[in-house]
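Q: Just so we're aligned, residue 4 is where the sequence shown starts under the numbering used here, counting upward by one. Dumping the structure here so I can ask a few things about it.
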Amino acid sequence: MRIYLSRPDITEKEVEAVCAVLRSPNLSLGPKLIEFEQAFAEYIGTKRAVAVNSGTSGLFLCMLALGIGHDDEVITTPFTFIASATSIMMAGAKPVFVDIDPATLNIDPAKIESRITGKTKAILPVEVFGNPAGLDKVCEIAQKHDLKVIEDSCEALGSALSGKKVGTFGTMSVFGFYPNKQITTGEGGMILTDDSDLADMCVSLRNQGRDKDDDWLSHKRLGYNFRLSDINCALGIAQLARIEQIKAKRRQVAQWYQEMLADDDRLIVPAEPNECDISWFVFVVLLAENFTAQQRDKILQAMKNSGIQVGNYFPPVHLQPVMVKEFGYKRGDFPITESVCERTIALPFYNNLTKDQIETVCMTLKKILHKN
Ligand SMILES: Cc1ncc(COP(=O)(O)O)c(C=O)c1O
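Spelled out as structure tokens, the structure:
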């Protein structure tokens, strides 16, 4: 028996779409790139979309397009995937962390203002695990202090807050298409914005600093090769066309978990706040507060030994060796994040997980909890 943490959901339609590009003369910078960007901008509801080769590249290009660099600070959460913070560093700026709200696991809006300095240029909120709760309050603070918002929506394609889609809150926003995401392009990302100057800058930066009508060997500025090939884009178009079906499948999987784990007071099971429409990215339960990190790690190991893949999303970003070395962050700096990180268990989660498999996961987890 083996139940995986994550599996992509690729149908024959996707396979055909990719093969059609392979049979065409346009493997990159072709019609599928334009089609994917247009379909994505239309789905989210922004004026522009710029496809790139990863979510990380997308976040980095947002920094550059907004002119964020040396001696600047960007406020973000320490409870996220590392790229939310390293994209700030790649631009030469400093990630300034603010602890999370234990109810939403997102950056705590009430703690942001005290960390704003003369060097702060932007806030980078993350919809952790797909949950957009609190994003509106972050944007209000940014507006009050004249700061940009770079929305890291890499985990939240299809989520909405009070009816407003994730990806439309920030000055710029970024989605990611790694295979564990709601839709995948193999690798890939998308930058969204209503500002056409920012979008044009990203188009140039992803393509070796060429401007739109420039000759292939003319380079206006320091640029990169962050292009997304038409092969990837064709996969993305076919996946995006199924987004409502994908969301429904993920919602069902989350509901089964919620039902089957509701009766266990050793676990805190994620719920959907009223104002949120969550497009579930992963399903992460928290152990009750009396559990230690050592107990959690033993439980993770026991689950793996039973053939069930689980994860510890996320270890605290501020305690990653790179952050300690660069900025001297230390244990105790963000106590809520640290406590949450010690108690997370990411359970198997993907579109086609069956009710029987979920039953097996839940029964195994409860048995292991009983012994610990
Ligand atoms: C919150 C968050 N930000 C950024 C990224 C980076 O995306 P990518 O892996 O496509 O570079 C991810 C991907 O896992 C993520 O979860």
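Here a beta-carbon is modelled for each residue, glycine too, at the ideal position from N, C-alpha and C.
1) Please return the same chain residues whose Cβ sits closer than 6 Å to the Cβ of T188, not counting the five positions on each side in sequence.
2) Below 8 Å, can you find three or more Cβ-Cβ pairs linking the region 51-68 to the region 207-214?
3) In chain order, which continuous runs of the beta strand (DSSP E) of length 3 or greater are located wholly inside the region 73-103?
4) Rank M263, C344, P128, T357 by C-alpha distance to the C-alpha of Q297 and give the top, closest one.
5) Should the region 124-136 be called in touch with the region 150-159, which here means at least 3 C-beta pairs below 8 Å?
6) Compare the beta carbon distance of K114 and V99 with 8 Å and say whether it is the shorter of the two.
7) Short check: CB of H148 to CB of I119, under 8 Å?
8) Since I believe I246 is in contact with I186 (beta carbons under 8 Å), could you give me their beta-carbon distance rounded to a whole number of angstroms?
9) Could you please go through the chain and list the residues whose beta-carbon is closer than 6 Å to any non-hydrogen atom of ligand 1?
10) Kindly give me the distance between the Cβ atoms of R10 and Y332, rounded to whole angstroms, as I take these residues to be in contact under 8 Å.
11) State the CB to CB distance for the pair F286 and P273, rounded to an integer number of angstroms; the pair is presumed to be in contact (CB under 8 Å).
12) With a CB to CB cut of under 8 Å and the five nearest residues on each side skipped, what residues in its chain are close to S60?
13) Counting Cβ pairs closer than 8 Å, one from the region 355-368 and one from the region 259-266, do we hit at least three?
14) Could you name the residues of the same chain whose beta carbon sits closer than 6 Å to that of A52, not counting the 5 residues immediately before and after it, in chain order?
15) From the DSSP output, which residues share a beta bridge with F178?
16) Considering only DSSP beta bridges, list what F229 is partnered with.
17) Pull up the DSSP beta-bridge partners for C344, would you.
18) Per the DSSP calculation, N210 is bridged to which residue(s)?
19) So, helix, strand or coil for E143, using DSSP?
20) Would you list the one or two residues that DSSP bridges to K151?
21) Does the beta-carbon distance from E104 to G133 come in below 8 Å?
22) Identify which residue in A241, R254, M175, G170 has its Cα closest to the Cα of K35.
23) Inspect the beta-carbon positions of I47 and K124 and report whether they are closer than 8 Å.
24) With DSSP run on the structure shown, which of helix, strand or coil describes D280?
25) Return the Cβ separation of C205 and F172 in integer angstroms, given the expectation that the two are a contact with Cβ distance under 8 Å.
26) Please determine, among F82, T89, G95, S87, the residue with the shortest C-alpha to C-alpha distance to D75.
27) Would a C-beta distance cut-off of 8 Å place A311 and V256 closer than the cut-off?
28) Below 8 Å on the Cβ atoms is my contact criterion, and I expect D233 with S31 to pass it. Report the Cβ-Cβ distance as a whole number of Å.
29) Straight-line CA distance for L356 to D111?
30) I'd like to check one pair, I348 with V288: are the Cβ atoms closer than 8 Å?
31) Buried or exposed: G170, going by 16 or more other Cβ atoms within 10 Å of its Cβ?
32) Mapping the DSSP letters down to three states, classify A291 as helix, strand or coil.
33) Looking only at its chain, what residues have a beta carbon closer than 7 Å to the beta carbon of R376, apart from the 5 residues adjacent to it on each side?
A: Judging by the given coordinates:
1) By one-based count along the sequence shown, residue 188 stands at place 185. Hits under 6 Å: F180, N235, L238, G239.
2) yes
3) 76-79, 97-100
4) To locate residue 297, count along the sequence shown from 1; it is residue 294. Q297 has its Cα closest to that of C344, out of M263, C344, P128, T357.
5) yes
6) Counting from 1 along the sequence shown, the entry for residue 114 is found at position 111. Counting from 1 along the sequence shown, the entry for residue 99 is found at position 96. No, Cβ-Cβ distance for K114 and V99 is not below 8 Å.
7) In the sequence shown, counting from the first residue as 1, residue 148 sits at position 145. In the sequence shown, counting from the first residue as 1, residue 119 sits at position 116. Going by C-beta atoms, H148 is nearer than 8 Å to I119.
8) Here residue 186 corresponds to residue number 183 of the sequence shown, with the count starting at 1. Here residue 246 corresponds to residue number 243 of the sequence shown, with the count starting at 1. 6 Å between Cβ atoms; contact.
9) S57, G58, T59, T83, F84, A86, S87, V129, D155, C157, E158, G179, Y181, G192
10) Looking up residue 10 in the sequence shown gives position 7. Looking up residue 332 in the sequence shown gives position 329. Wrong, their Cβ atoms sit about 35 Å apart, outside the cutoff.
11) Counted from its first residue, the sequence shown places residue 286 at position 283. Counted from its first residue, the sequence shown places residue 273 at position 270. With 8 Å as the limit, F286 and P273 qualify as a contact, their Cβ atoms being about 7 Å apart.
12) Sequence index remark: in the sequence shown, residue 60 carries index 57 (1-based). Taken in chain order, the residues that qualify are G192, R209, Y227, F229.
13) yes
14) For the purposes of this step, residue 52 is taken as residue 49 along the sequence shown, with counting starting at 1. Around A52: E40, F43, A44, M193, L195.
15) As a working mapping, residue 178 is identified with position 175 in the sequence shown. M193.
16) Taking the first residue of the sequence shown as position 1, residue 229 is located at position 226. According to DSSP, F229 bridges with nothing at all.
17) As a position in the sequence shown, residue 344 is number 341, starting the count at 1. BP columns for C344 are empty, so no partner.
18) If you number the sequence shown from 1, residue 210 lands on position 207. According to DSSP, which records beta bridges pairwise, N210 is partnered with N228.
19) One-based indexing of the sequence shown puts residue 143 at position 140. The answer is helix: DSSP assigns E143 an H, G or I state.
20) Start at 1 with the first residue of the sequence shown, and residue 151 comes out as number 148. K151 pairs with A125.
21) In the sequence shown, the residue the question calls residue 104 occupies position 101. In the sequence shown, the residue the question calls residue 133 occupies position 130. According to the sequence displayed, residue 104 carries Asp and not Glu. The answer is no: Cβ separation not under 8 Å.
22) Taking the first residue of the sequence shown as 1, we reach residue 35 at position 32. Checked all of A241, R254, M175, G170; the closest Cα to K35 is A241.
23) Your numbering for residue 47 matches position 44 in the sequence shown. Your numbering for residue 124 matches position 121 in the sequence shown. It is not a contact, given that the beta carbons lie outside the stated cut-off.
24) The residue you call residue 280 lines up with position 277 of the sequence shown. Three-state result, D280: strand.
25) Position 202 of the sequence shown, counted from the first residue, corresponds to residue 205. Position 169 of the sequence shown, counted from the first residue, corresponds to residue 172. That belief does not hold up - the Cβ atoms of C205 and F172 are roughly 18 Å apart, past 8 Å.
26) Indexing the sequence shown from 1 puts residue 75 at position 72. Cα-wise, what sits closest to D75 is G95.
27) Working through the sequence shown from its first residue, we reach residue 311 at position 308. Working through the sequence shown from its first residue, we reach residue 256 at position 253. Residue identity differs from the one stated: residue 311 is Ile in this sequence, not Ala. Taking 8 Å as the Cβ cut-off, I311 and V256 do not qualify as a contacting pair.
28) As a position in the sequence shown, residue 233 is number 230, starting the count at 1. As a position in the sequence shown, residue 31 is number 28, starting the count at 1. Yes, D233 and S31 are in contact; Cβ-Cβ is about 6 Å, under 8 Å.
29) As a first step, residue 356 is located in the sequence shown; it is residue number 353 there, counting from the start. As a first step, residue 111 is located in the sequence shown; it is residue number 108 there, counting from the start. Approximately 33 Å, taken between the alpha carbons.
30) Start at 1 with the first residue of the sequence shown, and residue 288 comes out as number 285. Start at 1 with the first residue of the sequence shown, and residue 348 comes out as number 345. Cβ atoms of V288 and I348: closer than 8 Å.
31) Here residue 170 is taken as the residue at index 167 of the sequence shown, counted from 1. Buried, by the Cβ-count rule.
32) Here residue 291 refers to the residue found at position 288 of the sequence shown. The answer is coil: DSSP assigns A291 none of H, G, I, E or B.
33) Only positions 4 to 375 of the chain appear in this structure, which leaves residue 376 out of reach.
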